[in-house]
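**Q**
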Amino acid sequence: MTRIGLAATGLSKAFGGVRAVDDATVEFHHGKINALIGPNGSGKTTFFNCVTGMIKPDSGRVTYYDADITGKAPHRIARAGVGRSFQLCRIFPRMTALENVLAAVRPPSRARLLASAHHRGDVARARELLSRVGIEHLESSEARALSYGQQKLLELAGVLMADPDTIMLDEPAGGVNPALIERIAALVRSLNAEGKTFIVVEHNMELVMSLSDHVIVFDRGTQISAGPPSVVQQDPRVLEAYLGI
Ligand code: ADP
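Mapping the sequence shown onto full-length UniProt numbering, position 76 (from 1) lands on 76, and the numbers just tick up by one.
Given below as structure tokens:
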């Protein structure tokens, strides 16, 4: 049986006259790798931001299991168990990789102190996560010295620091070289096998179709199709949205 974790009901958000998200009702499958796709400007980012509390929707509801999290502050949504990455990586460029992972759960100044103290539980966990994403050798490097793909892995280590049940990734493969895309995909698969639910916004169709269990397609601010990759790929509404026919 499919269980629903995160869900949106009748969600809408307009910017002036533009209805970026327009009465969207979406259910994400618990324990699965969900993908959110759609043509440019179809409202994916705005939807993502409404769900994670970065912007407040005009109307509609966002629920996480039994809890109504509509319009709650991002840190409260994070505390409820939903972690997220950012399209253009949120890292502190002049802090080391280790400090960055610590800063995901501590104020940056405290993260610096902790990293230099070396013996706290948080530091051990941050190291373990750097190792998990495969960049433990870069622990003492400033984040700005890392490649863009490595920075994405660093950001993911930071997201994992709060041990979220559900992880939302905004374009994890965008601007990343193919070898690292494969590494990120393998990581998502293994974390999913351990029980983490994923929601991935991604343009790389090959990756979406090979990685996800459940694909949600957006067009003009709302869900137009949802299902397993093989079904969604054949849906005439999806072909129409992408090809404009
Ligand atoms: P996607 O992520 O699918 O490309 P977006 O959510 O970024 O779509 O955008 C949906 C629509 O909302 C677009 O027409 C975009 O121009 C508009 N939009 C998004 N953010 C803003 C904003 N902050 N101000 C005005 N219009 C916006």
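We treat Cβ as the ideally placed atom computed from N, Cα and C, and that holds for glycine.
So the alpha helix (DSSP H) F47 belongs to, where does it begin and stop?
**A** Where F47 is concerned, the enclosing alpha helix (DSSP H) stretches over 44-51.
**Q** Cβ of V18 within 7 Å of any heavy atom in the ligand ADP?
**A** Checking every heavy atom of the ligand ADP against the Cβ of V18, one is found closer than 7 Å.
**Q** Using the Cα positions of I77 and L146, report the straight-line distance between them to the nearest angstrom.
**A** Rounded to the nearest angstrom, the two C-alpha atoms are 29 Å apart.
**Q** Taking C-beta to C-beta, are L138 and A97 nearer than 8 Å?
**A** Closer than 8 Å, so yes.
**Q** Return the chain-ordered list of same chain residues with a C-beta closer than 6 Å to the C-beta of N204, the five sequence neighbours on each side being excluded.
**A** Excluding sequence neighbours, N204 sits near A173.
**Q** For I33, is the classification buried or exposed, using 16 other Cβ atoms within 10 angstroms of its Cβ as the cut-off for buried?
**A** I33 should be labelled buried.
**Q** In the structure shown, what three-state DSSP assignment does S109 receive?
**A** Helix at S109.
**Q** DSSP three-state call for A104: helix, strand or coil?
**A** Three-state result, A104: coil.
**Q** Which two residues bound the contiguous alpha helix (DSSP H) that contains Y242?
**A** Taken as a continuous stretch (DSSP letters only), the alpha helix (DSSP H) holding Y242 covers 236-243.
**Q** So which of S85, E240, G31 has the shortest CA-CA distance to S190?
**A** Comparing Cα positions, the closest option is G31.
**Q** E155: buried (16+ other C-beta within 10 angstroms of its C-beta) or exposed?
**A** Buried, because 16 or more other Cβ atoms sit within 10 Å of the Cβ of E155.
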